[in-house]
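The structure under discussion appears below in the form of structure tokens.
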Amino acid sequence: MRLFSLADEEGGAVAVMASDAAIDQCKIITVTGPKEGVGKSILALNLAYVRAAQTGRGVVLLAADPLCREELLHWMGMTQFGTISSLKDLVDFYARAGAGQRAVDLVRGKIAFSKAGVAVVPLGFQLKDVTGAFDPKLLHDFLKGLVHHYDIIVDTECAYALLTFFLEISDGVYWVTIPQRPAIAATIGLFEDLRSEHFGLDRVEIVVNQYNLPGAMPVGEIERYFSPYNKKIKFRLPWEEEIPEAANSGNYLIVNNSASEWGKILRFIANHIKEVKPKSSARSVVDLARHIEEAGSFWKLRGGAANGAGPLAGGEVPAGSLTSRPDAEGAADLEWETNADPRWNKMKEEIHAQVVSEMAMVKVANETQRQQKVTQIITHMLDRRHDVEMNREEREKFITELLDEILGLGPLQVLLRDPTITEIMVNSCDKIYIERKGKLLLTPLRFRTDDQLVEVIRKIVAPLGRRVDESSPLVDARLKDGSRVNGVIPPLAISGPTLTIRRFSAKPLGTEELIQMSSITAEMVEFIRACVLTAKNVVISGGTGTGKTTFLNFCSSYIPMGERIVTIEDVAELKLQQPHWVRLESRPPNIEGKGEVTIRDLVRNALRMRPDRIVVGECRGGEAIDMLQAMNTGHDGSMTTIHANGPADALNRVKTMCLMSGMELPVWALHDMMSSAIHIICQLSRMEDGSRKVTSISEVTGHDEHGVKIQEIFKFVQTGIDAEKRVLGYHAATGVIPNAFKAFATHGLEMSDKIFKPKEQK
26 MRLFSLADEE GGAVAVMASD AAIDQCKIIT VTGPKEGVGK SILALNLAYV RAAQTGRGVV
86 LLAADPLCRE ELLHWMGMTQ FGTISSLKDL VDFYARAGAG QRAVDLVRGK IAFSKAGVAV
146 VPLGFQLKDV TGAFDPKLLH DFLKGLVHHY DIIVDTECAY ALLTFFLEIS DGVYWVTIPQ
206 RPAIAATIGL FEDLRSEHFG LDRVEIVVNQ YNLPGAMPVG EIERYFSPYN KKIKFRLPWE
266 EEIPEAANSG NYLIVNNSAS EWGKILRFIA NHIKEVKPKS SARSVVDLAR HIEEAGSFWK
326 LRGGAANGAG PLAGGEVPAG SLTSRPDAEG AADLEWETNA DPRWNKMKEE IHAQVVSEMA
386 MVKVANETQR QQKVTQIITH MLDRRHDVEM NREEREKFIT ELLDEILGLG PLQVLLRDPT
446 ITEIMVNSCD KIYIERKGKL LLTPLRFRTD DQLVEVIRKI VAPLGRRVDE SSPLVDARLK
506 DGSRVNGVIP PLAISGPTLT IRRFSAKPLG TEELIQMSSI TAEMVEFIRA CVLTAKNVVI
566 SGGTGTGKTT FLNFCSSYIP MGERIVTIED VAELKLQQPH WVRLESRPPN IEGKGEVTIR
626 DLVRNALRMR PDRIVVGECR GGEAIDMLQA MNTGHDGSMT TIHANGPADA LNRVKTMCLM
686 SGMELPVWAL HDMMSSAIHI ICQLSRMEDG SRKVTSISEV TGHDEHGVKI QEIFKFVQTG
746 IDAEKRVLGY HAATGVIPNA FKAFATHGLE MSDKIFKPKE QK
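Here our numbering is used: the first residue of the sequence shown is 26, the next is one more, and so on.
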């Protein structure tokens, strides 16, 4: 069918539009190759003319040449006309107009079609025009709007930013190469790069041009290069003397030569395009944010947008087409998504089993090699499957999830990568909560089954020599990063296996961070530092999740570097900075009920290790009596934490735990031991808004017939809650000068007593 130029509106020119049925078959086809001179441009041009003749509608041939060489325009004998860069304003208008605005109205008078129905649209005519032409948003809007009415054939270079964009947006890709080792090697290198970025190659077909030239690589040898990508040579184009002659004479339509073998193969390719299934809208999602970033780098290399000018600097990206990005500090603001397609999980299980089978026969030297090998196997499996169609984003998500499942902790791995999450709570296989900034949030993430969750718990505890089964359904453990783990499985967990992971900052919080978070004041820090340096015994008290371990890490940072420290914990999670540090960890009984080593056993043993200070992660039983004895027998400066709601409650808890030890001591003896062993009590609280604060610092002053006496040195005064539900208040000194203040001067520490005075008295 003949098409006239849309440029001559007054001459009555009419563009023949495709019917509704034909519109559904419009496609975006990309023709590219590993380098110049492989014959892709002449192929793209001839395909455009054959496609126009087949469908009876126009074909837009996009010349995506960043060097603006006008090769296609020269062959067609066309003058300069509309370019992508010159259509920017119109494309923006079209995008705002929505689906009701026809693409034919957009190009009317702007794009020239030949009588055969082919229009060539280059990026631009000069390099300065092209600098801003490869704006992914502009191209995305232009092509997605135009493909409702016209077929689009893209002739593009293998420049990475261009290639990845068109690979993702195209319904079909024809990769043209020649039978020479450099071209094949370049192709394989690019395929590896694309695969590493999770681009699927399922829509890519291999076309070998000039296969019959003397000295050409045999077809069988070439196919061996492509076999790892599940690719075979789909089409072989011969070299013919008429082809360069036709190009030189301007007779570019080789397909019109009925005697040409090249033209016959070309028709086969055109017929193959008819069978290409257009991507569904769900599969054609384009990560414009990533392409904008790649495009910026692409043009910076050419000196174009080096200063961030032009459309690349801040183009608005359509909602819904972006993936989540970490912020500048690496804290990902994630929106966790799950795939509801049952085929997704079924395919995971199938590929997982295949990976396990193949890895059983592979030896790897380290975890890095293991991950690379597993990724390679998964990618090969996906390349062989055509039952589930995936775009780049879904493919990347699938590979990441399966890697997390095989090598990590399944759906929890994405949460562990987010440093803003402080706690992960798995109530059952389909209910996973997190704590972020003190608030509990339900995520859409889930395990497939209870068995998968139990396997994750076992994967955590196995490296520590621990087990979890029906005979031992409770387990405490830690991750490699020091996160504390607690797991409970049936029959104790009625609703299914549960898992709790308490996470700690990779970098211990320092003075500035705590002050900035309003958890403490500079005056309180100065006092605590002096207490640690003068070897005062410190008890840190607070409820669950108030930050006791974090604060214990902070206090221990003031211990002098030359002192020998022994830490004792159920699960090792303290991160001291001193070099002379010994870590001890308790051990549960084995399957026969033997071999248990308790915290109390370790405290007793620590006394024989010549420690300067003993730090117990948490006292919650009879070890409290041994801790008090250690504090009273030359191990001043020791520290521990306990669960209690206030300083007075903390002392009562210590007394109760001492009675749990089985030693029948009179109460007055306990009071005497406690008052001489414990010097400072720091109380921590988690406020209503999720923030954590040191709400009280108290000093033990002695005891009487009523119990151990304390005096508060600093306190937090809450004054209210603002409109955003944030706690309002301030830290203040009580006006009491502690007895420990005298010892500070004795040890050469300079401190003014003004820090103990209320604000109005300073």
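We put the CB at the ideal spot given by N, CA and C, even for glycine.
Quick caveat, the model's predicted, so the values are computed rather than measured.
{"Check": "Pair within 7 Å by beta-carbon distance, I703 and S723", "Outcome": "no"}
{"Check": "A502, enclosing beta strand (DSSP E) - first and last residue", "Outcome": "499–503"}
{"Check": "Distance between beta carbons of A655 and L632, contact taken as under 8 Å", "Outcome": "6 Å"}
{"Check": "Helix, strand or coil at T536 [DSSP, three-state]", "Outcome": "helix"}
{"Check": "P351 versus N764 - alpha carbon distance", "Outcome": "Reliability fails at P351, whose pLDDT of 36 lies under 50, so the model's placement of it is uncertain and the value that follows must be treated cautiously. Roughly 49 Å between the two C-alpha positions."}
{"Check": "Same chain, Cβ closer than 6 Å to N370, five either side skipped, listed in chain order", "Outcome": "R473"}
{"Check": "Alpha-carbon to alpha-carbon, A89 and A597", "Outcome": "59 Å"}
{"Check": "Chain-order list of residues whose beta-carbon lies under 6 Å from that of V607 (same chain, five-residue window excluded)", "Outcome": "V591"}
{"Check": "Segment contact, 8 Å Cβ cut-off, at least three pairs: the segment 642–659 with the segment 682–702", "Outcome": "yes"}
{"Check": "Bounding residues of the beta strand (DSSP E) (the contiguous stretch that carries V607)", "Outcome": "606–610"}
{"Check": "Option in A673, S777, L558 with minimal Cα separation from G732", "Outcome": "A673"}
{"Check": "Nearest residue (CA-CA) to S581, options P207, M549, I639, L226", "Outcome": "I639"}
{"Check": "Per-residue burial, W693 [other beta carbons within 10 Å of its own, 16 or more giving buried]", "Outcome": "exposed"}
{"Check": "Distance, R554 Cα to L437 Cα", "Outcome": "38 Å"}
{"Check": "For I194 and M384, the rounded distance between their alpha carbons", "Outcome": "35 Å"}
{"Check": "contact_flag[the segment 562–579, the segment 533–544] where n(CB pairs < 8 Å) is 3 or more", "Outcome": "yes"}
{"Check": "Alpha-carbon to alpha-carbon, T571 and G58", "Outcome": "60 Å"}
{"Check": "Distance, E414 Cα to K302 Cα", "Outcome": "11 Å"}
{"Check": "Integer-rounded CB distance, given that A241 should sit under 8 Å from P204", "Outcome": "4 Å"}
{"Check": "Pick from L187, H173, D176 that is closest to A148, judged by C-alpha positions", "Outcome": "Before going on, a small fix: residue 148 reads as Leu here, not Ala. Nearest option by C-alpha distance: L187."}
{"Check": "Beta-carbon proximity of S544 to R717, cut-off 7 Å", "Outcome": "yes"}
{"Check": "Span of the beta strand (DSSP E) around F741", "Outcome": "732–746"}
{"Check": "Cutoff 6 Å; reference K462; Cβ partners in own chain excluding five residues on either side", "Outcome": "G715"}
{"Check": "Residues bridged to T771 (per DSSP)", "Outcome": "None; T771 has no bridge partner."}
{"Check": "Straight-line Cα distance separating T447 from G521", "Outcome": "23 Å"}
{"Check": "Beta bridge counterpart(s) of I258 as assigned by DSSP", "Outcome": "I231"}
{"Check": "7 Å Cβ cutoff met for I298 and Y250", "Outcome": "no"}
{"Check": "C-alpha gap between V198 and T55, whole angstroms", "Outcome": "5 Å"}
{"Check": "Alpha-carbon spacing of M386 relative to L428, whole angstroms", "Outcome": "18 Å"}
{"Check": "Proximity to H377 [Cα-Cα], best of A390, R395, T393, V399", "Outcome": "V399"}
{"Check": "Cβ neighbours of L504 in the same chain (closer than 8 Å, five flanking residues each side left out)", "Outcome": "L441, I485, V510, I526"}
{"Check": "7 Å Cβ cutoff met for P263 and N282", "Outcome": "no"}
{"Check": "Backbone CA spacing between A307 and N416 [nearest angstrom]", "Outcome": "Any reading at A307 needs caution, since the residue's pLDDT is 45, under 50, leaving its predicted position unreliable; the model's value is listed next. When rounded, the distance between both Cα atoms is 8 Å."}
{"Check": "Terminal residues of the beta strand (DSSP E) in which P147 lies", "Outcome": "143–147"}
{"Check": "Assigned secondary structure, G214 (DSSP; H/G/I helix, E/B strand, else coil)", "Outcome": "helix"}
{"Check": "Boundaries of the beta strand (DSSP E) in which K140 is found, first to last residue", "Outcome": "That residue, K140, is in no beta strand (DSSP E); it is neither H nor E in DSSP."}
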